[in-house]
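With the numbering used here applied, the sequence shown corresponds to residues 4 to 187, in that order.
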Amino acid sequence: MSRIGKKPIIIPPGVEVKINGNLASVKGPKGELEQEIHPLVKVAISGQEIQVSVFKTEEKEQRALWGLFRSLLNNMVLGVTQGFSKQLEINGIGFKAQVSGSKLILNVGYSHSVEYQIPKDIQITVEKNLITVAGAAKQEVGQVAAEIRAIKKPEPYQGKGIKYLDEVIRRKAGKVVKGAAATG
Numbered sequence: 004m005s006r007i008g009k010k011p012i013i014i015p016p017g018v019e020v021k022i023n024g025n026l027a028s029v030k031g032p033k034g035e036l037e038q039e040i041h042p043l044v045k046v047a048i049s050g051q052e053i054q055v056s057v058f059k060t061e062e063k064e065q066r067a068l069w070g071l072f073r074s075l076l077n078n079m080v081l082g083v084t085q086g087f088s089k090q091l092e093i094n095g096i097g098f099k100a101q102v103s104g105s106k107l108i109l110n111v112g113y114s115h116s117v118e119y120q121i122p123k124d125i126q127i128t129v130e131k132n133l134i135t136v137a138g139a140a141k142q143e144v145g146q147v148a149a150e151i152r153a154i155k156k157p158e159p160y161q162g163k164g165i166k167y168l169d170e171v172i173r174r175k176a177g178k179v180v181k182g183a184a185a186t187g
């Protein structure tokens, strides 16, 4: 039995869940999300609960799918009610970011500024050296944050670059010059 899969998902007030064949759609105050359901997974709605199950609980693949789709549906319900967000921090002298229309413009040490096209379901806000990526779809928020971080990954010597707010960068010691005072 899947410990995660057998837990029911409570549908909060103001959220509408529909199952049409192999497509689950969740609609709430923060938007609407859709997810295709695997044929080996059964999803049933009873009252204000979503129950996920599989056909054969003794098969390893089906147990894995059971927990996966329960988590995906739970993240959809959480996304349309609370939303998800990730914060990125910009470190470096002269490094800055700004939102201009549907683009994030980054000045992060290159000879040119880097423009990142913001997807339509994602909101990005910038305060000083902090970039906040928010949206209803957890996977999409994480993907956008990872793409922004990949523009200028933090380097290990001075820590310059774009990093997640809670990320710890392992620092390295620079080169030590031997015999700088001695002339040979």
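The beta carbon of each residue, even a glycine, is placed where N, CA and C say it ideally should be. Keep in mind that this is a model prediction, so the values were computed, not measured.
For the putative contact between residue i and residue j, defined by C-beta atoms under 8 angstroms, what is the C-beta separation to the nearest angstrom?
i: Ile127; j: Val136; result: 6 angstroms
i: Ile154; j: Leu109; result: 6 angstroms
i: Val20; j: Ile48; result: 6 angstroms
Determine the contact status of residue i and residue j, defining contact as a CB-CB distance below 9 angstroms.
i: Glu92; j: Ile134; result: yes
i: Val18; j: Lys30; result: yes
i: Gln142; j: Asn77; result: no
i: Phe72; j: Val83; result: no
i: Pro157; j: Asn94; result: yes
i: Gln51; j: Ile14; result: yes
Spatial neighbours of residue i within its chain, please: C-beta separation below 8 angstroms, excluding the five flanking residues on both sides.
i: Ile125; result: Val136, Ala137, Gly138, Glu143, Val144 and Val147
i: Ser74; result: Ile7
i: Val102; result: Ile108, Ile121, Ile127, Thr128 and Val129
How far does the alpha helix (DSSP H) with residue i in it reach, from first residue to last?
i: Thr60; result: Taken as a continuous stretch (DSSP letters only), Thr60 belongs to no alpha helix (DSSP H), as it is neither H nor E.
Is DSSP giving residue i helix, strand or coil here?
i: Gly182; result: coil
i: Ile40; result: coil
By Cβ distance below 7 angstroms, which residues in the same chain neighbour residue i in space, the five residues on each side in sequence not counted?
i: Gly162; result: Asn94, Ile172 and Arg174
The beta strand (DSSP E) spanning residue i covers which residue range?
i: Ile125; result: Ile125 to Glu130
i: Glu92; result: Phe87 to Asn94
i: Lys21; result: Glu19 to Asn23
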